[in-house]
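Okay, so here's the structure we're looking at.
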Amino acid sequence: TLGFELGAVDYITKPFKKAEVKARARTHLALKVMREELHDKNIMLEKHIKEIQEKTEILERSQKQLIQSEKMASLGQLVAGVAHEINTPVGIGVTVSSHLTQSTKKIISSFENNNMSKSDLIKYFSSTLETSELILQHLLQTADLIKSFKMVSADQTSHERRKFNVKSYLGDIILSLRPKLKNKPHQITIDCDDDIEIDGYPGALAQIITNMVLNSLLHAYSEGDKGTIAIEVLKNADGIILKYRDDGKGIPEENIENIFEPFLT
């Protein structure tokens, strides 16, 4: 009894058996390593979740600032969409991480009370692996979305000139639009050579593509349509030629001459 009060978690009755002592020692050492690894994993997962939550708060603050500008109304919508989009994986991460913490505490308690079975330990390890993979999957998806949106939104608000890869940047723009495309049956294709780079204003390109895609989603298709939006980029001596088309309704003939007028709907 005194031994347990002082922190002991196991005992061996006399006469000692060398094989039993070695087996118990190996088990306790293995469990110690596992507990330390699980503790480190929990700390890492909690750190990732905290970072995602902080980025969510930044996005929500950005939304309030951007909506004040009519010129950036479309970007403001995207901020709202992205913030909403990442709420789900962050919420799942928090819930599953909490469950993992409780399971870890439970298995440690069973071990310390000397009533943990082998099947309990195997079940715990299996559940922990599945839980960790689920959290990592959602965190990676969220990180990709935030990375793309951060780049595109920064370019649209800074108006700085820089050199960039066209195909990669178009991919970031489309990824930042994922909240708008999530429940739509349409697909977007990008036909562009991998090595095309230009020195220009990526923010302007992002604003153009964003507005055109949102216009297609809003005006080109009827409920139930399954459309294709195609973006093609060709390189020439002066720079690039960008072709954008969708297979929707088209523009009414009476509006064609006025399509470049501001705020035409």
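Counting along the sequence shown from 1, when you hit position 139 you're at 139 in the UniProt record's numbering, and nothing is skipped either side.
C-beta: ideal position from N, C-alpha, C; glycine also.
Owing to the predicted nature of the structure, the values given are computational and were not obtained by experimental measurement.
**Asked** Residues in its own chain within less than 8 Å of I196 by CB, not counting five upstream and five downstream?
**Response** N165, V166, K167, V233, K235 and I240
**Request:** Go to N165, then tell me how far its beta strand (DSSP E) extends in each direction, as first and last residue.
**Result:** R162 to N165
**Message:** The alpha helix (DSSP H) that contains K249, what's its start and end?
**Reply:** From DSSP, K249 is part of no alpha helix (DSSP H); its letter is neither H nor E.
**Request:** Would you identify the three-state DSSP class for E223, choosing helix, strand or coil?
**Result:** coil
**Request:** Could you tell me which of P202, I58, L140 and I122 sits nearest to E160, measuring between CA atoms?
**Result:** P202
**Prompt:** What are the start and end residues of the alpha helix (DSSP H) that includes I209?
**Reply:** P202 to N215
**Beta-bridge pairing of D191 - partner residues as DSSP gives them** = E232
**Request:** Could you check if L100 is buried or exposed, using at least 16 other CB atoms within 10 Å of its CB as the buried criterion?
**Result:** buried
**Prompt:** Counting pairs of beta carbons, one from the stretch 174 to 194 and one from the stretch 122 to 136, are three or more of them closer than 8 Å?
**Reply:** no
**Item:** Same chain, Cβ closer than 7 Å to S132, neighbours up to 5 away in sequence not counted
**Value:** K41
**Request:** Give the DSSP bridge partners of K18, in chain order.
**Result:** BP columns for K18 are empty, so no partner.
**Prompt:** Roughly how far, in whole angstroms, is the beta-carbon of I86 from the beta-carbon of T56, given that I think they are within contact range, below 8 Å?
**Reply:** 6 Å
**Asked** So what does DSSP say about K182, is it helix, strand or coil?
**Response** coil
**Nearest-angstrom Cα separation, counted from D144 out to T128** = 24 Å
**Contacts around Y244, its chain only, beta-carbon distance under 6 Å, and the 5 residues preceding and following it disregarded** = M212 and I231
**Message:** Our contact map puts G227 next to G248 with C-beta atoms below 8 Å; I'd like the distance itself, whole angstroms only.
**Reply:** 6 Å
**Asked** Apart from the five residues just before and just after I190, which ones in its own chain have a Cβ nearer than 6 Å to its Cβ?
**Response** L170 and I231
**Asked** Which one or two residues does DSSP pair with E197 in a beta bridge?
**Response** N165
**Prompt:** V96 to T210, Cα distance in whole Å?
**Reply:** 35 Å
**Prompt:** Can you tell me the Cα-Cα spacing of E20 and V94, whole angstroms?
**Reply:** 41 Å
**Prompt:** Closest by CA to residue 269, which one among E36, M44 and V90?
**Reply:** Outside the displayed span of the chain (1 to 265) sits residue 269, for which this structure offers no information.
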